[in-house]
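Visitor: Here the sequence shown is numbered in the numbering used here, starting from 3 and rising by one per residue.
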Amino acid sequence: MLRKEGLPSINELCIATVDKIFELGAYVKLDEYGGLEAYLPWNEVSSKWVKNIREVVKEGQKVVVKVIRVD
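(1) I think ILE12 touches ILE70, with their Cβ atoms under 8 Å apart; what is that distance to the nearest whole Å?
(2) Going by the DSSP bridge assignment, what does ILE17 pair with across the sheet?
(3) If you draw a straight line from the alpha carbon of GLY36 to that of GLN63, how long is it in whole angstroms?
(4) Do LEU42 and VAL72 come within 9 Å of each other at the CB atom, strictly closer than that value?
(5) Applying the 10 Å Cβ sphere with the 16-neighbour rule, what's the burial state of TRP44?
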């Protein structure tokens, strides 16, 4: 996989691996950025209402995420 330098840009789509899941969100590692850690809030996981984030994502799952903010 191509490894990118620096930080992702806002609105960039990235491939990520779900690392840890919590009640209000999940931490993912951005595969293209050498495992850079990012937070995925539960309300951004699906366009539909989700009662439990674990209904949508599992630890170790590959997901495509859109960057909405960079700190």
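Glycine is no exception: its CB is placed at the ideal position from the N, C-alpha and C atoms.
Fair warning: this is a prediction, and the values are worked out from it, not measured in the lab.
Guide: Result, derived from the coordinates:
(1) Residue 12 sits at position 10 when you count from the first residue of the sequence shown. Residue 70 sits at position 68 when you count from the first residue of the sequence shown. Indeed, because the Cβ distance is near 7 Å, the residues count as touching under 8 Å.
(2) The residue labelled residue 17 in the question sits at position 15 within the sequence shown. According to DSSP, which records beta bridges pairwise, ILE17 is partnered with VAL66.
(3) What you label residue 36 is simply residue 34 of the sequence shown in a count that begins at 1. What you label residue 63 is simply residue 61 of the sequence shown in a count that begins at 1. The alpha-carbon atoms of GLY36 and GLN63 are separated by roughly 17 Å.
(4) As a working note, residue 72 is residue 70 in the sequence shown. As a working note, residue 42 is residue 40 in the sequence shown. Result no, Cβ atoms of VAL72 and LEU42 do not sit closer than 9 Å.
(5) As a working note, residue 44 is residue 42 in the sequence shown. So TRP44 ends up on the buried side.
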